[in-house]
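Undergrad: Taken in order, these protein sequences are the chains called D and V. Everything in the first sequence is counted per my numbering, starting at 4 for the first residue and increasing by one. Everything in the second sequence is counted per my numbering, starting at 4 for the first residue and increasing by one. Let me give you the structure first, and then I'll get to my questions.
Number of protein chains: 2
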Amino acid sequence: METIDTLDRKILTVLQRSADMPLEAIGDQVGLSRNAVWRRIKALEATGIIRARRAELDAGKLGLGLMVFMQIRTHSHDPDWQGTFAKATQTIPGILNVYRMTGDLDYLIRARVADMADYDRLYQQLIKRVPLSDVAASFVMEEIKDDPVLPL
Amino acid sequence: METIDTLDRKILTVLQRSADMPLEAIGDQVGLSRNAVWRRIKALEATGIIRARRAELDAGKLGLGLMVFMQIRTHSHDPDWQGTFAKATQTIPGILNVYRMTGDLDYLIRARVADMADYDRLYQQLIKRVPLSDVAASFVMEEIKDDPVLPL
DNA sequence: TGTGAAACTGACATCGC
DNA sequence: GCGATGTCAGTTTCACA
Numbered sequence: 004m005e006t007i008d009t010l011d012r013k014i015l016t017v018l019q020r021s022a023d024m025p026l027e028a029i030g031d032q033v034g035l036s037r038n039a040v041w042r043r044i045k046a047l048e049a050t051g052i053i054r055a056r057r058a059e060l061d062a063g064k065l066g067l068g069l070m071v072f073m074q075i076r077t078h079s080h081d082p083d084w085q086g087t088f089a090k091a092t093q094t095i096p097g098i099l100n101v102y103r104m105t106g107d108l109d110y111l112i113r114a115r116v117a118d119m120a121d122y123d124r125l126y127q128q129l130i131k132r133v134p135l136s137d138v139a140a141s142f143v144m145e146e147i148k149d150d151p152v153l154p155l
Numbered sequence: 004m005e006t007i008d009t010l011d012r013k014i015l016t017v018l019q020r021s022a023d024m025p026l027e028a029i030g031d032q033v034g035l036s037r038n039a040v041w042r043r044i045k046a047l048e049a050t051g052i053i054r055a056r057r058a059e060l061d062a063g064k065l066g067l068g069l070m071v072f073m074q075i076r077t078h079s080h081d082p083d084w085q086g087t088f089a090k091a092t093q094t095i096p097g098i099l100n101v102y103r104m105t106g107d108l109d110y111l112i113r114a115r116v117a118d119m120a121d122y123d124r125l126y127q128q129l130i131k132r133v134p135l136s137d138v139a140a141s142f143v144m145e146e147i148k149d150d151p152v153l154p155l
């Protein structure tokens, strides 16, 4: 973690919300010239603080209206179980995040699917590739907040 | 949900990964002229399938290395409890997502914080504004997969 | 850091396919 | 629909003061 000054913070806050803003507009918001902004952004990209610029899509309009969390418990202490699990989840489309959580062996998967049938397809795909003893799925009924902006 | 053809899917797949690519480079990847790509992107923005372009930041390098899931159960059937809850979570920085889940009244919060002390600050902020009977927190030890790209 | 000028890219319009 | 071409404004990029 590097040190970031106030102006960089301001720039990052803007870029998190909309990365398609002209340098001059950003400069106006943070009180810097277009060029100063450009240099700072370049530096932030070089240090890896800015990872990428991505288009955020509407999952619902693309037919992926169902979000599901899968909570996985395993009693396997097999050293390469996690490797298999990681590789499987990495390659299955629709799986967005996989986390190893606190509490011994406990994994959380966040995935987007079209519907229940699609979820079952994903589930079958997963258990075909990894031995899973305990899987519980919870479905998202409503997204009350969805704001990827980190507080700076 | 509108119908999307194969070329639009290809364009969206590219844009999900990197939205800072010149139109010509995208055209090369999908087999279209810069102009055709431009027309399609405009249409995808107009229909709202492309929501925004955002810079993705490295949370760890910004001192927000701890991700936490808070699972909330409430027995309150108060009609405006959810309103209070929604408003509170909406305004507390660090809270990225709030979901209402299947299973009667069950909410899931995903948040990024600096450390345990910071989590406690967020927790205190939340319970000060909303009556919560049951809150369980799970912390992310390892991000095994983090890929926001939707399968198209 | 700011300024300026060059190079590039985006944002269209037009035409023919 | 698409591609090719052209034009123009806006933007990025990089010299240098």
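Think of the CB as a built atom: it goes at the ideal place given N, C-alpha and C, for glycine as much as any other residue.
1. Rounded to whole angstroms, what's the CA-CA distance from D:Thr16 to V:Val116? Just pull it up for me.
2. Within a Cβ cutoff of 7 Å, which residues of the same chain sit near V:Gly63, ignoring the five residues on either side of it in sequence?
3. Cutting at 7 Å between CB atoms, please list the residues of its own chain near V:Ile95, excluding the five before and the five after it.
4. For the alpha helix (DSSP H) that contains V:Val40, what are its first and last residues?
5. Would you verify that the beta carbon of D:Gly86 is, or is not, closer than 8 Å to some beta carbon of chain V?
6. Helix, strand or coil for V:Met158 per DSSP?
7. When you compare the segment 129–139 of chain V with the segment 33–49 of chain D, are there three or more beta-carbon pairs, one atom per stretch, that lie closer than 8 Å?
8. Please compile the residues from chain V whose C-beta is within a distance smaller than 9 Å of the C-beta of D:Asp92.
9. Are three or more beta carbon pairs between the segment 31–42 of chain V and the segment 96–110 of chain V nearer than 8 Å?
10. If you draw a straight line from the C-alpha of D:Lys13 to the C-alpha of D:Thr77, how long is it?
11. Which term fits D:Asp11, buried or exposed, when burial requires 16 or more other beta carbons within 10 angstroms of its beta carbon?
12. Distance, Cα to Cα, D:Ser156 vs D:Gln32?
13. State yes or no: is the beta carbon of V:Thr77 nearer than 8 Å to at least one beta carbon in chain D?
14. Leaving aside the five residues before and after V:Val143 along the sequence, list all residues of the same chain whose C-beta is less than 6 Å from its C-beta, in chain order.
15. Please compile the residues from chain D whose C-beta is within a distance smaller than 7 Å of the C-beta of V:Asp123.
16. Please return the same chain residues whose Cβ sits closer than 8 Å to the Cβ of V:Ala89, not counting the five positions on each side in sequence.
17. Determine, using beta carbons only, whether D:Arg57 and V:Pro151 come nearer to each other than 8 Å.
18. Whose Cβ in chain D lies nearer than 7 Å to the Cβ of V:Tyr126?
19. Any C-beta of chain D sitting closer than 8 Å to the C-beta of V:Thr9?
20. Taking C-beta to C-beta, are V:Leu67 and D:Ile52 nearer than 8 Å?
21. At 8 Å on the CB atoms, spell out the chain D contacts of V:Gly56, in chain order.
22. Along the chain, where does the alpha helix (DSSP H) that runs through D:Asp31 open and close?
23. So, is D:Thr92 buried or exposed, given that buried needs 16 or more other C-beta atoms within 10 angstroms?
24. Considering only residues of the same chain and omitting the five flanking positions on each side of D:Asp118, which have a CB-CB separation below 7 Å?
25. As an exercise, report each continuous beta strand (DSSP E) stretch of at least 3 residues that is fully enclosed by the segment 72–138 of chain D, in chain order.
26. What residue does the beta strand (DSSP E) around V:Ile53 start on, and which one ends it?
27. Is V:Glu27 close to chain D, meaning its C-beta is less than 8 Å from at least one C-beta of that chain?
28. Mind checking if V:Met73 is an interface residue toward chain D, Cβ cutoff 8 Å exclusive?
29. Compare the C-beta of D:Val33 against all C-beta atoms of chain V and say whether one is closer than 8 Å.
TA: Let me spell this out:
1. 16 Å
2. none
3. Leu125, Gln128, Leu129
4. 37–49
5. no
6. Only positions 4 to 155 of chain V appear in this structure, which leaves residue 158 of chain V out of reach.
7. no
8. The sequence as given places Thr at residue 92 of chain D; Asp does not occur at that position. By Cβ distance, chain V contributes Ile147, Lys148.
9. no
10. 43 Å
11. buried
12. The requested residue 156 of chain D does not occur in the structure, where chain D is confined to residues 4 to 155.
13. no
14. Met70
15. The contacting residues do not exist; V:Asp123 stays about 15 Å from chain D at best.
16. Val101
17. yes
18. In chain order: nothing, as chain D lies at least about 15 Å away.
19. no
20. no
21. The displayed chain sequence assigns Arg, not Gly, to residue 56 of chain V. Correct list: Ser21, Ala22, Asp23, Arg56, Arg57, Ala58, Glu59.
22. 26–33
23. buried
24. Leu69
25. 98–104, 109–116
26. 53–60
27. no
28. no
29. no
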